[in-house]
Amino acid sequence: MTQLRVFTLDFVDRLKSKHYMRRRMPRFLRPSNGRRSLLRWRRRSERDLVSKLSQWDRHSLLIQSRRCRSVSKVQDARPRLEVASAEATATPTGDKPLHFSFSGGGWLMVYMYGVCKALREQKLDENAKFIGTSAGCLSIVSLVLDSDFDAICDSVINDYVPAAHASWKGPFKMRDYLIDAITRHGKVDNMDKLHGKVTVVYTSLSSWVTRRVSHFKSPVHLLHTMVASCCATPLVGMPFEHEGEYVIDGGLLDNQPLFEDGVRTITVTPNVFATADIRPSRYVPPWWSMYPPSQRDMQWLYDLGYEDALSWCVREGLPRSGEIVIPTKAAEYDGEWKTIIGQVAGYRSIEDAALAGAKLFLLSEETVSCSVIRFELLLRKLAAVVMAMLDRMALLWAVVATGMLLALVILDQHRSLEFLLLLGGHVTLAFVKIVNACSQVHSSEHWRLLHEAVVAMEKQATTNKHGFTPQQHGLLTEHSHVYRLSTCSLLS
319 MTQLRVFTLD FVDRLKSKHY MRRRMPRFLR PSNGRRSLLR WRRRSERDLV
369 SKLSQWDRHS LLIQSRRCRS VSKVQDARPR LEVASAEATA TPTGDKPLHF
419 SFSGGGWLMV YMYGVCKALR EQKLDENAKF IGTSAGCLSI VSLVLDSDFD
469 AICDSVINDY VPAAHASWKG PFKMRDYLID AITRHGKVDN MDKLHGKVTV
519 VYTSLSSWVT RRVSHFKSPV HLLHTMVASC CATPLVGMPF EHEGEYVIDG
569 GLLDNQPLFE DGVRTITVTP NVFATADIRP SRYVPPWWSM YPPSQRDMQW
619 LYDLGYEDAL SWCVREGLPR SGEIVIPTKA AEYDGEWKTI IGQVAGYRSI
669 EDAALAGAKL FLLSEETVSC SVIRFELLLR KLAAVVMAML DRMALLWAVV
719 ATGMLLALVI LDQHRSLEFL LLLGGHVTLA FVKIVNACSQ VHSSEHWRLL
769 HEAVVAMEKQ ATTNKHGFTP QQHGLLTEHS HVYRLSTCSL LS
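The number in the numbering used here is simply the position in the sequence shown, starting from 1, with 318 added.
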């Protein structure tokens, strides 16, 4: 059965080959099968033969020319496709449209302003599309509308930051700062430039989804959309109704939006801990987004964004990247921080409080010893005052006064005028006696020398200068048990 099948297939193939060979043969060479062949044209007149041959020649030439044209078209098409593909691969990356995504950032928006300034200088915004949320939408709208970023940052640093630091209500007035900045620097009358080039993202509270807007009906609609994208409650006010639904900050659901068509998106963020193409190259406290730092630090943040964007252009090898000169103004700024606590926190007030606490609690061993010795001598001085009061006459007077007062109490006369007068007289005499004893002890030469010895010891502990006399050392050794212990510990 198998051999029969092979034989049949071989026979069919031979028939097909003969058929195609027959079709490829010229007609005048085919057998006529009972009909007159073209080879018998010689029997005709020479005129008929020439006419037939001429007709066949023209026909064959026409067929051959058509075949040649078809082949030449195919052969010519291949080089054109190869050239087109070569040109496509040789197209520089700078000619391709770029897609940028700007995240939210609060007061860290000045970093993204610096990034936008660098992108404009390198003309990367001319053939690019942008998408942004919260503070990122402010940056991209200002970039496309040709706003002056230096003027915007000047308003933020010199107007809005001092207003936020002025009172406890200042940080919660960001919506007022936002509207003022848009109306002063936004150039919203040129919003036609934004259509199809800029996408603003905000969150719908009613549907709990993100909304993306690329076309704006009017300047007022643009303003409302931007405020909706930046509505970080409670710093930028409460949610409000926009386009028939309540809206809130776009970063709530999508803080780093990307384009939906899957194209490669260049991400920009002021968060140093995020994964993005352009982000701070130095540590930036993330809580600066909620409460701004000092004006000098805000200026540094603006310069840092500008330098980081230029560094990214050089790394990517974009057109004219070899001509870029990256400044080092932000890279060399150390913040003038005195402690690591202040550098991590990012606020001068916290650093000052930490230094004050260190001065209060982190005392040296010598200072602690001086304080304990001073307290010991104070107790000895109180004991000396008590001893000065308790002389023979004072004791006699105290016994007589106490007896008279007790007698009046027993006789139930403690509510009478005589009792009050007697009690007041004795209290006054006791107070006068105490004052006299204190002044006597304080003015004595002995206690004056002890006080000078303690002061000299404190100065020596703070300045490391030897101003301690042997006489003072002897007095403290005689009258201070703590000093004797500290001296023995040092000698040992």
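Built from N, CA and C at the ideal position, the CB exists for glycine as well.
Going by DSSP in three states, residue i sits in which element: helix, strand or coil?
i    : result
R614 : helix
S689 : helix
A446 : strand
V643 : coil
F534 : coil
S390 : Because S390 sits at a pLDDT of 44, beneath the cut-off of 50, its placement in the model cannot be relied upon, and the following sentence gives the value as read from the coordinates. Helix, per DSSP.
L416 : strand
V717 : helix
Apart from the five residues on each side of it in sequence, which residues of its chain come closer than 8 angstroms, Cβ to Cβ, to residue i?
i    : result
S629 : S599, I644
D595 : I584, T585, V586, W630
I668 : I659, G660
L726 : H732, S734, E736, F737, L740
N476 : Q613
H483 : P610
Using 8 angstroms as the threshold, is the C-beta distance between residue i and residue j below it?
i    : j    : result
L442 : L416 : yes
L540 : V590 : no
A499 : G488 : no
H822 : H542 : The chain is shown only over 319 to 810; residue 822 falls outside these bounds and no answer can be derived.
A706 : A755 : yes
V474 : V428 : yes
V531 : T551 : no
M430 : S457 : yes
W618 : Y651 : yes
L768 : L700 : no
V565 : P588 : no
G424 : A446 : no
I449 : F577 : yes
D567 : T501 : no
In chain order, what residues of the same chain lie with their CB nearer than 6 angstroms to the CB of residue i, ignoring the 5 residues before and after it?
i    : result
M492 : L553, V554
A436 : Y624, A627, L628
G432 : Y620, G623, Y624
E634 : none
V632 : S639, I642
Once the 5 residues before and after residue i are set aside, which same chain residues still bring their CB inside 7 angstroms of it?
i    : result
D572 : T451, V519, T528
A469 : H503
S612 : R666
Y478 : Y495
S525 : E563
H533 : H513
L793 : L767, L768, A771
S536 : none
M722 : L740
R438 : L461
K751 : M707, A712
F490 : P552, L553
Am I right that residue i and residue j are in contact with their C-beta atoms under 8 angstroms? What's the rounded C-beta distance?
i    : j    : result
D621 : G653 : Not a contact, Cβ separation roughly 13 angstroms.
G569 : G422 : 3 angstroms
S547 : C471 : Actually they are not in contact, since the Cβ atoms of S547 and C471 sit about 20 angstroms apart, beyond 8 angstroms.
I691 : V772 : 6 angstroms
L872 : P557 : The question about residue 872 has no answer, for the chain in this structure spans 319 to 810.
L673 : K647 : That belief does not hold up - the Cβ atoms of L673 and K647 are roughly 28 angstroms apart, past 8 angstroms.
K511 : V462 : 5 angstroms
V759 : A702 : 5 angstroms
In chain order, what are the residue ranges of uninterrupted beta strand (DSSP E) at least 3 long that sit wholly in the segment 570 to 627? Counting whole runs of 3 or more residues, the segment 570 to 627 contains the beta strand (DSSP E) stretches 584 to 586.
Any chance you could list the alpha helix (DSSP H) runs of at least 4 consecutive residues sitting entirely within the segment 450 to 485, in chain order? DSSP runs (the alpha helix (DSSP H)) wholly in the segment 450 to 485: 453 to 462, 467 to 473, 479 to 484.
Enumerate, from N- to C-terminal direction, the unbroken alpha helix (DSSP H) stretches of 4 or more residues contained entirely within the segment 491 to 564. Those alpha helix (DSSP H) runs which fall completely within the segment 491 to 564 and span 4+ residues are 492 to 503, 537 to 547.
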